[in-house]
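Residue numbers (the UniProt record's numbering): 1 to 149. Below is one structure, written out as structure tokens; comments come after it.
So, in structure tokens, the structure goes:
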């Protein structure tokens, strides 16, 4: 069976099966059993796409074009999201200081607080992860760090 993402290292069937189980398990844990995205959306009363926008704008003002690129969304949809954030008092549009034809989107204090609250929810590990022995948590941390590099 040919895998769509080949590596330079040979992988036997047992390794492929274990990797598949691990991948499916991670999917189940992150998106079904401990769906922090839904928790954050419910806590803030907004969709997760709005939360993604808040978190992308939080470090500093962005143009709509930059925000669309960072969210991998098209500009019209990004405008709808920003319009909603502005309506809710989470964001405001200001004139770009260099290009007066362009607008910057920045978070209000309420928007900064909402972005921080969402980040806190998203970063909170589930209790069953915290219940693992420290050695297992450290091993998982090393594996995830390697996968992300």
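We treat Cβ as the ideally placed atom computed from N, Cα and C, and that holds for glycine.
I need the DSSP call for residue i, collapsed to helix, strand or coil.
{"i": "residue 131", "result": "coil"}
{"i": "residue 1", "result": "Confidence in residue 1 is poor, its pLDDT being 44 and thus under 50, which makes the residue's placement unreliable; the coordinate value appears in the next sentence. In the structure shown, residue 1 sits in coil (DSSP, three-state: anything other than H, G, I, E or B)."}
{"i": "residue 11", "result": "coil"}
{"i": "residue 91", "result": "strand"}
Is residue i buried or exposed, if buried means 16 or more other CB atoms sit within 10 Å of its CB?
{"i": "residue 80", "result": "exposed"}
{"i": "residue 1", "result": "Confidence is the limiting factor: at residue 1 the pLDDT is only 44, short of 50, which leaves the residue's position unreliable, though a coordinate-based value still follows. Result: exposed."}
{"i": "residue 68", "result": "buried"}
{"i": "residue 98", "result": "exposed"}
{"i": "residue 85", "result": "buried"}
{"i": "residue 164", "result": "This structure does not reach residue 164, given that the chain is present from 1 up to 149, and the question cannot be answered."}
{"i": "residue 101", "result": "exposed"}
{"i": "residue 55", "result": "buried"}
Since residue i and residue j are thought to touch, with beta carbons under 8 Å apart, how far apart are those beta carbons, to the nearest angstrom?
{"i": "residue 53", "j": "residue 71", "result": "6 Å"}
{"i": "residue 114", "j": "residue 90", "result": "6 Å"}
{"i": "residue 78", "j": "residue 92", "result": "Actually they do not touch by this definition, with Cβ atoms about 15 Å apart."}
{"i": "residue 121", "j": "residue 40", "result": "4 Å"}
{"i": "residue 11", "j": "residue 62", "result": "Not a contact, Cβ separation roughly 41 Å."}
Distance check for residue j and residue i, CA to CA, integer angstroms please.
{"i": "residue 138", "j": "residue 111", "result": "34 Å"}
{"i": "residue 18", "j": "residue 64", "result": "43 Å"}
{"i": "residue 127", "j": "residue 88", "result": "33 Å"}
{"i": "residue 49", "j": "residue 35", "result": "15 Å"}
{"i": "residue 20", "j": "residue 14", "result": "10 Å"}
{"i": "residue 133", "j": "residue 140", "result": "11 Å"}
{"i": "residue 82", "j": "residue 124", "result": "27 Å"}
{"i": "residue 31", "j": "residue 47", "result": "15 Å"}
{"i": "residue 51", "j": "residue 136", "result": "31 Å"}
{"i": "residue 95", "j": "residue 60", "result": "14 Å"}
{"i": "residue 33", "j": "residue 45", "result": "20 Å"}
- Item | Length at least 3, wholly inside the UniProt domain "HTH marR-type" (12-149): the beta strand (DSSP E) runs in chain order | 91-95 and 103-107
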